[in-house]
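Chains as they are written, first to last, in our numbering: chain A, -2 to 375; chain B, -7 to 350; chain C, 20 to 177.
A virtual CB, placed ideally from N, CA and C, is assigned to each residue, including glycine.
These numbers come from a predicted model, not from an experiment.
Quick notes on the structure that follows.
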């Protein structure tokens, strides 16, 4: 468990068995945020990793408890800021479920498209950041060029680039931008052209393959017992796509494949994410021309009150399964709210899968787990 | 025609006429030292700027463009900033070694300038074991890096320094073997003779496949020796924050930085000398007119052009490839490069004995 | 066969590296692909999305009239207490008392730009504008009073 003396201890001292203890983070280029890993090394080989959390804890769950059901949605954008749209959707879906609000078809379809765009944007950023962890700086800029198109689409329609807060209980905050469809189609076109660049620069690269293949192998059993979800678990052969298992919004009417690979190493996790981007494009292509006309927000009461009871809603974010659990006392604010964030369970497996590998492997493993620290800490 | 050769010759004649030979030699030494330091400063500024510009273009950015036209004074401004910064020495560091290390690294880089032929008959010291001198002196830089890593009393620095030690010592081998192929073909260790042997064609072209392989091996090995990506494990940013120079700041950091770039320049200059004919112009067999035009381009420009081409190649590597892992790095050397170089040396010896090269 | 595998390993490895270098080489030689935006220089041509949520403002018309009735719907909708409305009672020409705003205080430093106040407003008195250059030298300058001095409510807005 967490022991304060362990961190303050003179860093020049060796561990009890002569092993080297280094503090990776909270300020470290590879932890992408304020994650603190206490890594015990034997030479270059990792013996133990102890993640220390809490550097960016903002008590979002507590904050949500004093906000009304309309207000608390915006806070969830700050959890996993790379899939803020999907977080918002989860909360909106839960409120809709709890109050039996009818969501118009148009809103459902637009939500689905935006969710998939968010997923692509998140994976694009991840490819860049992960390649950077492994020492290739250039793919970052190529990935951001495509991501920029998505953020521009978001900016046009939602009015913000990262923390959109576009989804409200009952539908959308306002209607989509008139140029939304053309912009999304332009993005799909560019994405299909440029996705081969990642193949040339990253996927096929012999150095990248040797850095990731067979590194950080996660078996299906471990993935289940540690509660891993999302691309991490799917790369180990665990079917866990919430869009397939418990379809929400318009996912029940689109055709797409759940990407499942079985190797479970870092390279497979990479491949799963790249293939998922293509599946997202496929979903968007099916929906973009068929956005139904009509209202963008359903009829809701002015003051939202959830009936007394417990409510749970889960969605598939870019990182895995996000669960929102609300205990309501029948008032305008939740009595207790709990987020089951994918990043936390994915981080917990880090010690298990990188034991015995080298420091360089830790970067590959951590990169492919796709950790977003505010999602872990909340 | 005004050339570097004629300038040195006039200067020497004038000095010998004015002073007695000992004093003249002393004055020449001072001039050479000053020139070397100037070259260092200028090269450092130019190469850092070049790297940033190349990186920017590859990464679809513009790069530095605020200080001076097109950003050409950016590095000068950066240097000014580094000079004014406090050179911090950590409390628990071994202060003497910590402060000595950047100068050791720098000194090694400076020593390596001596046998390089910058232009026709323009060389500081045409030592008869030039190539041997270069291989032996260049391996000294690892001492400075180890010193820095150890004296910093920082675990990241120590890991970086140890990686660097293993890396430089291993890659020295294949770099040495690649250099040996040319020595075998030329039959001399003297830089001026190696250049002279390429008068009718560069070794890269007339040495057949063995020399091409040696050239590729040489480029890979020196990229590793100078701690450049994809072999920059010693400073692997995402793993060890900054490796052996984590604790350095201000001008001491700048010296490490400068030494890295000077080392690149030197290994590329040597590569250009051995494989691309040094200052020799590009000649094609019996095309008299073409060869004559090529001769009009000053030899110093030929030398710099070739060197900068190789430097660009190494920069191109850096901004394209991911970094290797430390065991893969050693695997690459001992399982791939070393066997290939040994076999290649055998091949080139056969070629040289049978006289198959042009 | 060992030797054959070894050679094909080397060949495929080098080929994949060259493929990557071709891609970066392409971008190096094609300057039209550069995507850098030179921000402070391109202020004149910079076009932000119309819906960009940068700052809450209260539009005033030519007669210095706004449409805010001081109903505090926005104040209630705001999740962080960004908005504070201070009301007063105006005397109408008929001698009746009428509720009006004295000051619409908007704290930009606390605002998360979530747009909930805009959707809550029944009379469209406030709106978001795409203004993103908020840096000031003093934090107190971020606390703004949105209704202009001497402004009054538009006729016919209840």
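- Not flagged as an interface residue toward chain B: residue 23 (chain A), since no C-beta distance is shorter than 7 Å.
- Residues of the segment 293 to 327 of chain B whose Cβ lies closer than 8 Å to any Cβ of chain C, in chain order: 308, 309, 311, 312 and 313.
- In the DSSP assignment, the residues bridged to residue 21 (chain A) are A:34.
- Going by DSSP, residue 320 (chain A) is part of the beta strand (DSSP E) stretching over 318 to 325.
- Interface flag for residue 230 (chain B) against chain A is set, since a Cβ pair is found closer than 7 Å.
- Within the model, the alpha-carbon separation for residue 96 (chain B) versus residue 135 (chain B) is close to 8 Å.
- With 16 or more other Cβ atoms from the protein chains shown falling within 10 Å of its own Cβ, residue 181 (chain B) counts as buried.
- Contact holds between the segment 74 to 86 of chain A and the segment 310 to 321 of chain A, because three or more Cβ pairs, one in each stretch, are under 8 Å apart.
- Identification of chain B residues near residue 168 (chain A) by a Cβ-Cβ cut-off of 9 Å yields none; the smallest Cβ-Cβ distance measures about 39 Å.
- Taken in chain order, the unbroken stretches of alpha helix (DSSP H) that lie wholly in the segment 183 to 259 of chain B and span 4 residues or more are 183 to 188, 195 to 198, 200 to 217 and 229 to 232.
- Cβ contact annotation for residue 351 (chain A) (same chain, cutoff 7 Å, sequence separation greater than five): 43, 46, 213, 358, 359 and 362, in chain order.
- Counting C-beta pairs closer than 8 Å gives three or more between the segment 262 to 272 of chain A and the segment 117 to 132 of chain A, which meets the contact rule.
- Secondary structure remark: continuous alpha helix (DSSP H) runs of at least 4 residues inside the segment 165 to 243 of chain A, in chain order: 177 to 195, 203 to 209, 217 to 222, 227 to 231 and 239 to 242.
- With a threshold of 7 Å between beta carbons, residue 220 (chain B) makes no contact with chain C.
- Annotated as proximal: residue 161 (chain A) and residue 151 (chain A), with beta-carbon spacing under 7 Å.
- With respect to chain B, the C-beta atom of residue 40 (chain C) has a partner C-beta closer than 7 Å.
- Using a CB distance cut-off of 7 Å, residue 26 (chain C) does not count as an interface residue toward chain B.
- Within the segment 100 to 117 of chain C, no residue places its CB atom closer than 8 Å to a CB of chain A.
- Following the DSSP letters along the chain, one finds residue 66 (chain B) inside the alpha helix (DSSP H) bounded by residues 66 to 76.
- Around residue 215 (chain B), no beta-carbon contact reaches into chain A at under 7 Å, the shortest distance being about 13 Å.
- The CB of residue 82 (chain A) never comes closer than 9 Å to any CB in chain C; the least such distance is about 14 Å.
- For residue 307 (chain A), the uninterrupted beta strand (DSSP E) run begins and ends at 306 to 313, by DSSP.
- For residue 170 (chain B) against residue 125 (chain B), the beta-carbon gap comes to about 17 Å, at or over 8 Å, which does not count as contact.
- For residue 147 (chain B), the closest Cβ of chain A is nearer than 7 Å.
- Shown here, residue 162 (chain C) sits in a strand according to DSSP, grouped into three states.
- Residue nearest to residue 191 (chain A) within the set A:101, A:136 and A:301 is A:136 (criterion: CA-CA distance).
- Residues of chain B with a Cβ closer than 7 Å to the Cβ of residue 36 (chain C) are, in chain order, 313.
- A contact is defined here as three or more CB-CB pairs under 8 Å, and the segment 231 to 251 of chain B meets this definition with respect to the segment 144 to 162 of chain B.
- Secondary structure at residue 144 (chain C): coil, using DSSP grouped into helix, strand and coil.
- Scanning chain A for C-beta atoms nearer than 7 Å to the C-beta of residue 178 (chain B) yields nothing, as the closest lies near 34 Å away.
- A direct Cα-to-Cα measurement between residue 141 (chain B) and residue 32 (chain B) gives close to 24 Å.
- Taken in chain order, the members of the segment 44 to 75 of chain B whose beta-carbon sits within less than 8 Å of a beta-carbon on chain A are 47, 50, 51, 52 and 53.
- Bridge pairing for residue 333 (chain A): A:324 [DSSP].
- Residue 69 (chain B) places its beta carbon 7 Å or farther from that of residue 159 (chain B).
- Of all C-beta pairs linking the segment 98 to 113 of chain A to the segment 283 to 300 of chain A, three or more are shorter than 8 Å, placing the two stretches in contact.
- The C-beta distance from residue 188 (chain A) to residue 143 (chain A) rounds to 6 Å, short enough to meet the 8 Å contact threshold.
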